[in-house]
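*Asks:* Here it is: the structure, laid out below.
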Amino acid sequence: MPIANLPAIRTGRPAWNKGRIIGQKRPLLPKHGWGIRVRLEIANRIRDLALFNLAIDSKLRGCDLVQLKVADVFSAGQVKERTSITQSKTRHPVRFEITEGTRKPLAAWLEDPAMIGSEYLWPGLFHERLHISARQYARLVRDWVNSIGLEPSSYGTHSMRRTKVAQIYRMTGNLRAVQLLLGHTKMDSTVRYLGVELEDALAISEAVEI
Numbered sequence: 005m006p007i008a009n010l011p012a013i014r015t016g017r018p019a020w021n022k023g024r025i026i027g028q029k030r031p032l033l034p035k036h037g038w039g040i041r042v043r044l045e046i047a048n049r050i051r052d053l054a055l056f057n058l059a060i061d062s063k064l065r066g067c068d069l070v071q072l073k074v075a076d077v078f079s080a081g082q083v084k085e086r087t088s089i090t091q092s093k094t095r096h097p098v099r100f101e102i103t104e105g106t107r108k109p110l111a112a113w114l115e116d117p118a119m120i121g122s123e124y125l126w127p128g129l130f131h132e133r134l135h136i137s138a139r140q141y142a143r144l145v146r147d148w149v150n151s152i153g154l155e156p157s158s159y160g161t162h163s164m165r166r167t168k169v170a171q172i173y174r175m176t177g178n179l180r181a182v183q184l185l186l187g188h189t190k191m192d193s194t195v196r197y198l199g200v201e202l203e204d205a206l207a208i209s210e211a212v213e214i
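The sequence shown maps to residues 5 to 214 in our numbering.
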């Protein structure tokens, strides 16, 4: 009986996702945001506080957040209350607010000596790098959530993007508003991104007593 030629089995190579929690990253809760801000303020980490706050306000993907320029948020000697950028993934513009709590650390960061002559809002640490990388931003997010005792593998840069819109949806149920704020072109994308169907099903189930 002939033996079929079977592909060789390689051993000893771990799966790429071994030890990782795969799936949608959780948004931060208000108490988490407060805890992170307090720790960054105590440590006088002005850049990180400004970055954290703007990440929450802007709801931008990490690739767009790290490429923000000073001119995107600063004009006529002050930090803007609202601004608009073109998303690199969709090439569609998205508009977002910059709250007072974010404008203050941003203004302080823009006065930092490290910002002298910088075109980018988050300049890189090396001369050849104009701005921090998305990977550096991801490391910062991991440090932030770890500082308040959260499991870093459950959170990521998309946690920052989802945090404010998740609260907006919980408070209003307005999917169209969330779609506009995220810059999604299709409502289906917003539904999937928020995990709306699951959240709604759980809320209904919690309200039923047997």
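In this text, a Cβ means the ideal position worked out from N, Cα and C, and glycines have one as well.
Under 7 angstroms Cβ to Cβ from residue 45, same chain only, skipping five residues before and after it: list those, please.
*Replies:* 53
*Asks:* Applying the 10 Å Cβ sphere with the 16-neighbour rule, what's the burial state of residue 176?
*Replies:* exposed
*Asks:* What do you reckon, is the C-beta of residue 75 under 6 angstroms from a heavy atom of the ligand ADP?
*Replies:* Ligands are entirely absent from the displayed structure, and the ligand ADP is therefore not among its contents.
*Asks:* Between which residues of its own chain and residue 47 is the CB-CB distance below 6 angstroms, once the five residues before and five after are set aside?
*Replies:* Nothing meets the Cβ criterion.
*Asks:* Given this structure, state the Cα-to-Cα distance separating residue 158 from residue 198, to the nearest angstrom.
*Replies:* 15 angstroms
*Asks:* Which of the three DSSP states is assigned to residue 71 in this structure?
*Replies:* Coil.
*Asks:* DSSP three-state label for residue 137, please.
*Replies:* In this structure, residue 137 counts as coil in the three-state DSSP scheme.
*Asks:* Residues bridged to residue 78 by DSSP?
*Replies:* 83
*Asks:* For residue 74, which residues in the same chain have their Cβ closer than 6 angstroms to its Cβ, ignoring the five residues on either side in sequence?
*Replies:* 125
*Asks:* Following the continuous beta strand (DSSP E) through residue 101, name the residue where it begins and the one where it ends.
*Replies:* Its beta strand (DSSP E) spans residues 97 to 101.
*Asks:* Does residue 172 come out as helix, strand or coil in the three-state DSSP assignment?
*Replies:* helix
*Asks:* In this structure, how does DSSP classify residue 159 when only helix, strand and coil are distinguished?
*Replies:* coil
*Asks:* Could you name the residues of the same chain whose beta carbon sits closer than 8 angstroms to that of residue 57, not counting the 5 residues immediately before and after it, in chain order?
*Replies:* Leaving aside the five residues that flank residue 57 on each side, the residues in its chain whose CB is nearer than 8 angstroms to its CB run, in chain order, 41, 103, 105, 106, 109 and 110.
*Asks:* What are the residues that DSSP puts in a beta bridge with residue 124?
*Replies:* Looking at the DSSP assignment, residue 124 forms a beta bridge with 73.
*Asks:* What are the residues that DSSP puts in a beta bridge with residue 90?
*Replies:* 97
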